[in-house]
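Numbering (the numbering used here), first residue to last: 72 to 192. Below is one structure, written out as structure tokens; comments come after it.
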């Protein structure tokens, strides 16, 4: 579909309405009535950039958008890192048949200095 160019006054009306609603929305978010899901970074990463785009990218919302994407990328990095650590641990434990490797350093100290594995001064 071809892109339709809106008149300048319609763009300004949308940006003015978004700017006027910002103080109200920020107050509602502060008291807890309005806002993205508070227990997840996914809601903020979806909602805040859409609101910022609709408002014409004001600096406050641009900063919040960047911050939400930063938190999302940190979250994804941490999740993939933890999955990699779990995968590595599963590979190690599988090769040892599920039993941890126990250290026996010093187990033959009673047979030294003549016994096997006795090295040193």
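Note that CB positions come from ideal geometry on N, CA and C, so glycine has one too.
- Membership of residue 123 in the alpha helix (DSSP H) is indicated by the continuous run 112-125.
- Taking C-beta separations shorter than 8 Å and ignoring five residues to either side along the sequence, the partners of residue 119 in its chain run 107, 132, 135, 136 and 139, following chain order.
- Counting only the Cα atoms, residue 93 lies some 14 Å from residue 102.
- For residue 86 against residue 123, the beta-carbon gap comes to about 12 Å, at or over 8 Å, which does not count as contact.
- A direct Cα-to-Cα measurement between residue 141 and residue 99 gives close to 24 Å.
- Annotated as proximal: residue 129 and residue 90, with beta-carbon spacing under 8 Å.
- Of 96, 121, 146 and 95, the smallest CA-CA separation from residue 112 is found for 146.
- Residue 146 sits in a helix when the DSSP states are folded into three classes.
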